[in-house]
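Participant: Could you have a look at this structure, given as structure tokens, before my questions?
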Amino acid sequence: MVFNVTIDRDEDGVWIVECPSIPGCVSQGATKEEALENIKEAIALCLEVRAEQGLPLTIETKQVEVAA
Numbered sequence: 030m031v032f033n034v035t036i037d038r039d040e041d042g043v044w045i046v047e048c049p050s051i052p053g054c055v056s057q058g059a060t061k062e063e064a065l066e067n068i069k070e071a072i073a074l075c076l077e078v079r080a081e082q083g084l085p086l087t088i089e090t091k092q093v094e095v096a097a
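Okay, here's the thing in structure tokens:
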């Protein structure tokens, strides 16, 4: 499976990565590469928990256009 993730640095320089299509699926790392590796494990665990709880594995996400 392939998932889109968001990645950003916080005020302490830690990389925070989130998978918007899986509620609550967030990870972090000292480097961007570490954060991206960590989110892979987090996604697998989140999917496992959602399946055990009988929840949909993902929620729908959409792109919208906003005039800036």
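Numbering-wise, the sequence shown is residues 30 to 97 according to this note's numbering.
All C-beta atoms, glycine included, are put in the ideal place defined by N, C-alpha and C.
1) Is Glu-81 buried or exposed, if buried means 16 or more other CB atoms sit within 10 Å of its CB?
2) Exposed or buried, Ile-88, counting other C-beta atoms within 10 Å across all chains shown (16 or more means buried)?
3) Report the partner residues of Ile-36 according to the DSSP bridge assignment.
4) Name the two residues that bound the continuous alpha helix (DSSP H) containing Val-95.
5) So is Val-46 buried or exposed if we call it buried at 16+ other beta carbons inside 10 Å?
6) Around the Cβ of Val-78, are there at least 16 other Cβ atoms within 10 angstroms (buried) or fewer (exposed)?
Facilitator: Taking the coordinates as given:
1) Counting Cβ neighbours within 10 Å, Glu-81 comes out exposed, since fewer than 16 surround it.
2) Its Cβ having fewer than 16 others within 10 Å, Ile-88 is exposed.
3) Its beta-bridge partners are Val-46.
4) Per DSSP, Val-95 belongs to no alpha helix (DSSP H) and is neither H nor E.
5) Burial call: buried.
6) A residue is called buried when at least 16 other Cβ atoms come within 10 angstroms of its Cβ; Val-78 does not meet this threshold and is exposed.
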